[in-house]
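Trainee: Quick one: structure below, then a few questions.
In the UniProt record's numbering, the protein residues as written are 1 to 247.
Structural data, given as structure tokens:
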């Protein structure tokens, strides 16, 4: 997927799991370029960050995928089957971008992060859980027609004090990963990427690894023009630019 936006008077572009562009040409047109790929390349003028990301392969039946989840995760997903939670609704390929975005936005604020604009969510594949008609959990994925990559896994769990509702949100979030796998298999996708792991955030890392132990490397290549870099490093503008740069 390709995302473009302006940062002050500078044009920036982000490629997520797309065929490689002519980056030398892009340098002439964009002040900042971000490329997310599974391929290792030597790109002059680009810095690179390497992270590990968990992959659920989809070249098998959903029963096999499900059996590869750890036991606790399987049990929690089973609690959502067969209308065991009557007021829970699972929506695959949800069309309510606004509801999913608002949930993600609130979740980002709760984590102390600056949320992106809604434009950065357009074109993403949405899997959502609703309880009594209100969205409680969402898995938002980049989609390049071969691979799904989690952009956001978010929920209302940090807002909930009721223990039973908290449990339902936990079950529903895991069910959404299952549904994303099932949707991907039906549509001949290669795998689902759950998003890079930060082992310093132990709970999130454990959540992702409860679905798969398969890890591959992802590469994020970044180019910034001299003027853009100078602006971004300015004493008074540094914090504001970092917020604007967030993808």
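Even glycine gets a Cβ: it sits at the ideal position worked out from N, Cα and C.
Relative to the C-alpha of residue 175, which residue among 3, 222, 136, 99 is closest?
Mentor: Within the chain shown, numbered from 1, the residue matching residue 175 stands at position 175. Of 3, 222, 136, 99, the residue nearest in Cα terms is 136.
Trainee: Quick one: what's got a C-beta closer than 7 Å to residue 179's C-beta in the same chain, skipping five residues either side?
Mentor: Translated into positions along the chain shown, residue 179 becomes position 179. So the qualifying residues of the chain are 90, 92, 127.
Trainee: Going by DSSP, what residue range makes up the beta strand (DSSP E) through residue 23?
Mentor: Within the chain shown, residue 23 is the residue found at index 23, counting from 1. Residue 23 -> not in any beta strand (DSSP E); alpha helix (DSSP H) instead, spanning 23 to 29.
Trainee: Apply the 10 Å Cβ neighbour rule to residue 122 and answer buried if 16 or more other Cβ atoms are within range, or exposed otherwise.
Mentor: On the chain shown, position 122 is the one that residue 122 refers to. Label assigned to residue 122: exposed.
Trainee: Run the CB neighbour count on residue 218, radius 10 Å, all protein chains shown included, and call it buried at 16 or more, exposed below.
Mentor: As a first step, residue 218 is located in the chain shown; it is residue number 218 there, counting from the start. When all chains shown are included, residue 218 counts as buried.
Trainee: To which residues of the same chain is residue 74 closer than 8 Å at the C-beta, ignoring the five residues directly before and after it?
Mentor: One-based indexing of the chain shown puts residue 74 at position 74. Excluding residues within five positions, the ones whose Cβ falls inside 8 Å are 66, 67.
Trainee: What residues are listed by DSSP as bridge partners for residue 149?
Mentor: Position 149 of the chain shown, counting from 1, holds the residue named residue 149. Answer is 142, 193, bridged to residue 149.
Trainee: What does the Cβ neighbour count give for residue 214, buried or exposed, with the cut at 16 atoms within 10 Å?
Mentor: By one-based count along the chain shown, residue 214 stands at place 214. Exposed, because fewer than 16 other Cβ atoms sit within 10 Å of the Cβ of residue 214.
Trainee: Beta-carbon within less than 7 Å of residue 139's beta-carbon, same chain only, minus the 5 sequence neighbours each way: which residues are those?
Mentor: The sequence position of residue 139 within the chain shown is 139, counting from 1. The answer, listed in chain order, is 127, 150, 153, 176, 177, 180.
Trainee: Rounding to the nearest angstrom, what Cα-Cα distance links residue 105 and residue 115 in this structure?
Mentor: Sequence index remark: in the chain shown, residue 105 carries index 105 (1-based). Sequence index remark: in the chain shown, residue 115 carries index 115 (1-based). Their Cα atoms are separated by approximately 5 Å.
Trainee: Could you tell me the boundaries of the alpha helix (DSSP H) in which residue 36 lies?
Mentor: In the chain shown, residue 36 corresponds to position 36, counting from 1. Not the alpha helix (DSSP H): residue 36 falls in the beta strand (DSSP E), residues 32 to 37.
Trainee: Can you name, in chain order, every residue of its own chain whose Cβ lies under 8 Å from the Cβ of residue 38, other than the five neighbours on each side?
Mentor: Taking the chain shown and counting its residues from 1, one reaches residue 38 at position 38. Correct list, in chain order: 17, 216, 217, 218, 219.
Trainee: Need the endpoints of the beta strand (DSSP E) that residue 88 sits in, please.
Mentor: In the chain shown, residue 88 corresponds to position 88, counting from 1. Its beta strand (DSSP E) spans residues 88 to 92.
Trainee: So residue 113 is in the beta strand (DSSP E); what residue range does that whole segment cover?
Mentor: Here residue 113 corresponds to residue number 113 of the chain shown, with the count starting at 1. No beta strand (DSSP E) holds residue 113; DSSP gives it neither H nor E.
Trainee: Would residue 191 and residue 56 be called neighbours here (beta carbons separated by less than 8 Å)?
Mentor: For the purposes of this step, residue 191 is taken as the residue at position 191 of the chain shown. For the purposes of this step, residue 56 is taken as the residue at position 56 of the chain shown. Going by C-beta atoms, residue 191 is nearer than 8 Å to residue 56.
Trainee: Please report the distance separating the alpha-carbon of residue 60 from that of residue 69.
Mentor: For the purposes of this step, residue 60 is identified with residue 60 of the chain shown, where counting begins at 1. For the purposes of this step, residue 69 is identified with residue 69 of the chain shown, where counting begins at 1. Computed Cα separation, rounded: 14 Å.
Trainee: Going by beta carbon distance, what residues of the same chain come within less than 6 Å of residue 76, once the five residues before and after it are set aside?
Mentor: Within the chain shown, the letter at position 76 stands for residue 76. Result list for residue 76: 171, 174, in chain order.
Trainee: Rounded to whole angstroms, what's the CA-CA distance from residue 32 to residue 6? Just pull it up for me.
Mentor: For the purposes of this step, residue 32 is identified with residue 32 of the chain shown, where counting begins at 1. For the purposes of this step, residue 6 is identified with residue 6 of the chain shown, where counting begins at 1. Cα to Cα, residue 32 sits roughly 10 Å from residue 6.
Trainee: Who are residue 215's beta bridge partners in DSSP?
Mentor: On the chain shown, position 215 is the one that residue 215 refers to. 54, per the DSSP bridge assignment.
Trainee: Could you tell me if residue 80 is buried or exposed, where buried requires 16 or more neighbouring beta carbons within 10 angstroms of its beta carbon?
Mentor: Residue 80 sits at position 80 when you count from the first residue of the chain shown. That one is buried.
Trainee: Taking its Cβ as the centre, do 16 or more other Cβ atoms sit within 10 Å of residue 100, making it buried, or is it exposed?
Mentor: The residue given as residue 100 occupies position 100 in the chain shown. That one is buried.
Trainee: What residue does the beta strand (DSSP E) around residue 131 start on, and which one ends it?
Mentor: Here residue 131 corresponds to residue number 131 of the chain shown, with the count starting at 1. Looking at the DSSP string, the run of the beta strand (DSSP E) that includes residue 131 is 125 to 131.
Trainee: When DSSP labels each residue in this structure, what does residue 156 get in the three-state scheme?
Mentor: One-based indexing of the chain shown puts residue 156 at position 156. DSSP places residue 156 in coil when its eight states are reduced to three.
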